[in-house]
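Taking it in order: structure first as structure tokens, then the write-up.
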Amino acid sequence: DYIRKGVLTASILISPDKIGYQAVKSLVELADSGFTSAAVDTGIEIIEKDTL
Numbered sequence: 021d022y023i024r025k026g027v028l029t030a031s032i033l034i035s036p037d038k039i040g041y042q043a044v045k046s047l048v049e050l051a052d053s054g055f056t057s058a059a060v061d062t063g064i065e066i067i068e069k070d071t072l
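The working numbering puts the first residue of the sequence shown at 21, with every later residue one more than the last.
This is how it looks when you write it as structure tokens:
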């Protein structure tokens with residue numbers, strides 16, 4: 021409602037399920053090979069008035 025009313029310009033949406041999935045995937049990769057990525061990008065979504 022605050023975005024629609026103009027109180028906020030935008031908000032950022034993260035995906036906890038993607039974060040959890042990637043965490044488990046990284047642990048399996050680490051257990052299997054002894055290595056994993058230094059960083060994992062699970063993405064974000066920017067919510068603005070025109071994308072509601």
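Glycine is no exception: its CB is placed at the ideal position from the N, C-alpha and C atoms.
Given residue i as reference, the closest of the options once Cα atoms are compared
{"i": "Ile66", "options": "Ile32, Ser46, Gly40, Lys38", "result": "Ile32"}
{"i": "Ser53", "options": "Ala59, Asp37, Lys45", "result": "Lys45"}
Helix, strand or coil at residue i [DSSP, three-state]
{"i": "Ala30", "result": "strand"}
{"i": "Ser57", "result": "coil"}
{"i": "Asp21", "result": "coil"}
{"i": "Leu47", "result": "helix"}
Identity of the residues DSSP links to residue i by a beta bridge
{"i": "Ile66", "result": "Ile32"}
Contact under 9 Å by Cβ, residue i with residue j
{"i": "Gly26", "j": "Lys69", "result": "yes"}
{"i": "Thr62", "j": "Ile34", "result": "yes"}
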